[in-house]
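Asker: Residue numbers (the numbering used here): 74 to 174. From the three backbone atoms N, C-alpha and C, an ideal C-beta is built for every residue, glycine too. Small disclaimer: the values here were computed from a predicted structure and weren't measured. The following block contains the structure, expressed as structure tokens.
Take a look at the structure:
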């Protein structure tokens with residue numbers, strides 16, 4: 074998986090680029106340090122890279138959930154506006170064309 078790609082998909086290009094840059098730097102530093110036989114710093118840099126990468130994945134997943142929540146609310150608001158439906162009575166599932174990612 075490419076670090077930051079989930080943020081690019083969500084349209085958050087600045088965060089995606091930052092995530093890609095920091096993950097590349099930490100990954101390169103960890104690999105270079107391990108290649109030189111410096112196991113302690115290499116393992117620490119690798120752990121920091123894993124922590125940073127996990128945070129990037131978590132942020133992208135949270136962003137996708139926010140996008141889906143907002144799409145659902147917009148869909149229900151539009152139904153309410155057009156048809157005057159009581160959206161509280163509708164199921165939690167939406168049709169496939171509701172604009173969810």
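So does the region 107-119 actually touch the region 135-142, counting three or more Cβ pairs closer than 8 angstroms?
Answerer: no
Asker: Of all the alpha helix (DSSP H) runs that stay within the bounds of the region 83-147, which reach a length of 4 or more residues?
Answerer: 86-108
Asker: Using the three-state DSSP reduction, which class does residue 157 fall into: helix, strand or coil?
Answerer: coil
Asker: Rounded to whole angstroms, what is the Cα-Cα separation between residue 147 and residue 155?
Answerer: 12 angstroms
Asker: Check whether the Cβ atoms of residue 77 and residue 129 sit closer than 8 angstroms, and answer yes or no.
Answerer: yes
Asker: Would residue 121 pass as a contact of residue 140 if the rule is Cβ separation under 8 angstroms?
Answerer: For residue 121 and residue 140, no; Cβs fall outside 8 angstroms.
Asker: With 16 as the cutoff for other CB atoms within 10 Å, does residue 97 come out buried or exposed?
Answerer: exposed
Asker: Given that a residue counts as buried once 16 or more other Cβ atoms are within 10 Å of its Cβ, and exposed if not, what is residue 110?
Answerer: exposed
Asker: Would you decide whether residue 113 is buried or exposed? Buried here means 16 or more other CB atoms lie within 10 Å of its CB.
Answerer: exposed
Asker: Report all residues from its chain with a CB closer than 7 angstroms to the CB of residue 81; omit the five preceding and five following residues, and keep chain order.
Answerer: 89
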